[in-house]
Each structure stands twice: as C-alpha cells, then as structure tokens.
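The block underneath contains the structure these notes are about, expressed in structure tokens.
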Amino acid sequence: LTMYVSAAVGFSSAVIALGEAVIDIMQVLGYLEPFVELMEIPLAENDKGSESIDIIESIEFENVSFKYPKTDRLILDDISFVIEKGQKISIVGLNGAGKSTIVKLICRLYKPDSGKILINKKDIHEYSYKEYLSCISAVFQDYKLFNFSIQENISCKDISEDDPKVKNILDMVSMSKKIESLPNGVKSLFGKEYDEEGVEFSIGQSQKIAIARALYKGSGFVILDEPTSALDPIAEAEIYENFNDLVGDKTAIYISHRMSSSVFCDKILVINEGKIEAFDTHKNLLKDENSLYSKLFTSQAVNYRYEKVMKTYSAVNDIV
Ligand SMILES: Nc1ncnc2c1ncn2[C@@H]1O[C@H](COP(=O)(O)OP(=O)(O)OP(=O)(O)O)[C@@H](O)[C@H]1O
Ligand SMILES: [Mg+2]
3 LTMYVSAAVG FSSAVIALGE AVIDIMQVLG YLEPFVELME IPLAENDKGS ESIDIIESIE
63 FENVSFKYPK TDRLILDDIS FVIEKGQKIS IVGLNGAGKS TIVKLICRLY KPDSGKILIN
123 KKDIHEYSYK EYLSCISAVF QDYKLFNFSI QENISCKDIS EDDPKVKNIL DMVSMSKKIE
183 SLPNGVKSLF GKEYDEEGVE FSIGQSQKIA IARALYKGSG FVILDEPTSA LDPIAEAEIY
243 ENFNDLVGDK TAIYISHRMS SSVFCDKILV INEGKIEAFD THKNLLKDEN SLYSKLFTSQ
303 AVNYRYEKVM KTYSAVNDIV
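Going left to right, the sequence shown walks through residues 3 to 322 as this note's numbering numbers them.
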C-alpha cells in the first residue's frame, strides 16, 4: 500500500510540476499554435539550466544548424548573427525560409543540432528556463486567443478585480473604446464557444490583443512573428508602426511577412532557404536592385500602394 501511495503522490506531484511548467511556457509563448507542437517540448531537457538572467545585453547565433526532429532536411544552415540590446531587427524571406524556426530556437522549443545560441555570451540552455522565459515576450505567427476574459487573455493571470495595467495597455493599442463599449468591459469572454455573449474580434483587433499581451509582460526583449493573415496592408503597416513606438527602447525582432516592419528596423536579416543572404540596413539592401530583398520589397511595395506607405514611414525614418 505504501508503495502505491508514494507512487500516486509521486505521480501527482509530477503532474503538478508538468502543469506548472506548461503554464510558464504558455505565459511566455501565449498564443503558440499548434498546441501539439507545444506538447512535444522536452520539458525535462529544458529544466537543466540554472544560471540566472535578468537583462538581455546581446543575442548571438553562432554557426547554428537545425533539422526538425525525425526529419532529414536542414532548415537552418550555418546561421550566424548578433543583435545588441535596444536594436530592432527584421527577419524577412520567402515562405518556408526558416524565419519562425529561428524564433522557436530562441524560445528553446528546440535545440540547434550544431552551433550555439548565446545570450549575454552564454549558451541559452544554461539559463534557468523560468527566468529565461520571463525575459522574453513573443507573439507567435499563429497566435490564439483563449476562451477566457479579455483581461485574462492579456495578463495570463486568473484575476477577478480590474487590473489598471490592462486598461493602460488597451489604451496603448487603441482598443479601450471597443472594450469599454462591451457590457462586461475587460471581463467579457473572448469567443462564442462557451458564452453566447462572448465577444468576437476582427483579425486586426485580435492582433492588437495579442500585442497587448506581449506588452503587458514588460520584458526587455520582444519578438513579433507577424501573422500572414490578409490584413489591409495600410492597417497592417500602422499596427506595426504603433507597435514599434510601444516597444520603445526594448530589443525587438520582427518577422516581417509583407515587409511592413522592415523599413523602420535598424537592420534586416534576409533568410533564403535556411541560409543568411544578407544582414544590413534597409537603405543598403535596396542599393542592389537585383537582391532578394529589393525584389521582395518592390513586389510588396506595389501591393502596399508604395507612396502612402513611404509617406507614413518617412516621418519615422530617413529612408529612400
Ligand atoms: N514542426 C515541424 N516539423 C517539421 N518541419 C517543419 C516544422 N515546422 C516547420 N517545418 C518546416 O521548416 C521549414 C521552415 O519553416 P518556418 O516555419 O521556419 O518558415 P517561415 O520562414 O517562418 O515561413 P512563413 O513565411 O510561411 O511563416 C519549412 O519548410 C517547414 O515546412
Ligand atoms: Mg513563419
């Protein structure tokens, strides 16, 4: 009997520990989808690090190569680059180039097969996972809002009182009016699956809630993998420009699918079939009109009604 009891106790505490680890991951990754991928994360593997981390001073990929487990194709092939504190970096490339994979590696969802990812010159896997995650806010490409209240979706906390910080952030992402117009305000449930009175959002509005979540966390390093959804290009450009204002002096990585954020970033990392094609400023990259970047940018800029976008941006940055 004692054996059974201790086995049962051991099992339930393991389940609790697993549950807590999953909650930690959910808090940093927020809207990661598909969840199947999340469930495959080797938690024990990630639990090994014990080093402390507070402020991220630099992020460095050192000859990183990577294949997804049980596959043969090299998705990242000898990638090296450095991002310093406060820099805004945009990652661009065709579909399937490996952009989101870079983010997954930074979040320790997978380990490189060779090479290292260093933060503050130390392998990221040496840091305590919990502390490490608390330094990063990531909005994933296929984020998902949960069927909880708006407030809970933003804070990732189970709170019943109004949280003034949530209201503040809703203001920053221009969603206060919309939320205040709802009968239950920030306590309105998201989605109609469990509550007929639940609120539904447009794609742009959901994106703002996802961004609000990243801002609520207040970490010094923000990653935004832009959704590929068909948002109106101008609205999209505006969302990311506002986001960049809100990010302030934090370090940020934008994965820019339609180049909407690449113009206001310090440097652009151009990824082509898992390799780095270039890592330079927008201005320099446009000098070679045959470069992949120029081609991506011009083809997208046509869709974007070039002049209008450039007008929006030229106020922010000295482009062209
Ligand atoms: N979990 C996975 N298992 C196996 N292969 C995967 C997995 N996730 C992605 N891949 C493959 O890795 C490659 C790079 O994918 P990734 O998601 O990094 O591309 P991306 O640059 O973000 O593309 P997009 O612009 O479409 O978002 C693709 O060929 C993709 O099919
Ligand atoms: Mg992607």
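We put the CB at the ideal spot given by N, CA and C, even for glycine.
Here V175 carries a coil assignment [DSSP, helix/strand/coil]. In the three-state reduction of the DSSP assignment, I126 falls in the helix class, which pools H, G and I. About 6 Å separates the beta carbons of Q209 and I241, which is inside the 8 Å limit, making them a contact pair.
By the C-beta density criterion, D247 is exposed, having fewer than 16 other C-beta atoms within 10 angstroms. Around I255, the same chain offers I91 and I225 as residues with beta carbons nearer than 6 Å, after the five sequence neighbours per side are excluded.
Spatial neighbours of Y131 in its own chain (CB-CB distance under 7 Å, excluding positions within 5 residues in sequence) are listed in chain order as N48, D49, G51 and R110.
Around the Cβ of V84, a 10 Å sphere holds fewer than 16 other Cβ atoms; the residue is exposed. Judged by their CB atoms, V105 and S258 are not nearer to each other than the 7 Å cut-off. Boundaries cannot be given for N149, as no alpha helix (DSSP H) includes it and DSSP labels it neither H nor E.
DSSP assignment within the region 175 to 241 yields the following whole beta strand (DSSP E) runs of 3 residues or more, N-terminal first: 223 to 227. Bounds of any alpha helix (DSSP H) do not take in S262, whose DSSP letter is neither H nor E. With respect to the 7 Å criterion, V175 and A140 are not classified as neighbours on the basis of their beta carbons. Going by DSSP, S136 is part of the alpha helix (DSSP H) stretching over Y131 to S136.
Looking at the DSSP output, K269 shares a beta bridge with I91.
Judged by DSSP secondary structure, S116 falls within the beta strand (DSSP E) whose first and last residues are S116 to I121.
By a beta-carbon distance limit of 8 Å, I273 contacts K101. Their separation comes to about 6 Å. By the Cβ test, the region 187 to 199 is in contact with the region 146 to 155, since at least three Cβ pairs between them sit closer than 8 Å. Annotation for K101 indicates a beta carbon within 6 Å of some heavy atom of ligand 1.
Taking C-alpha positions only, S116 is separated from I161 by approximately 43 Å.
Taking N286 as reference, the option from L271, E275 and I181 with the minimal CA-CA separation is L271. As DSSP reads the structure, F68 sits in a beta bridge with L78. The alpha-carbon separation between F203 and E53 amounts to approximately 41 Å.
With fewer than 16 other Cβ atoms inside 10 Å of its own Cβ, P166 counts as exposed. Taking all protein chains shown into account, Y295 has 16 or more neighbouring C-beta atoms within 10 Å of its C-beta and is therefore buried. Between ligand 2 and Q207, a heavy atom-to-CB distance of less than 6 Å is absent. In this structure S157 is in contact with V168, their Cβ atoms being roughly 6 Å apart against a cut-off of 8 Å. The beta carbons of S262 and E238 sit about 5 Å from each other, so the pair counts as a contact at 8 Å. At a threshold of 6 Å, Y295 does not count as near ligand 1, since its beta carbon sits no closer than that to any of the ligand's heavy atoms. CA-to-CA, the gap between F63 and N170 works out to about 35 Å. Per DSSP, K289 is one residue of the alpha helix (DSSP H) stretching across H284 to K289. For I255, the Cβ stays outside the 6 Å cut-off from all heavy atoms of ligand 1.
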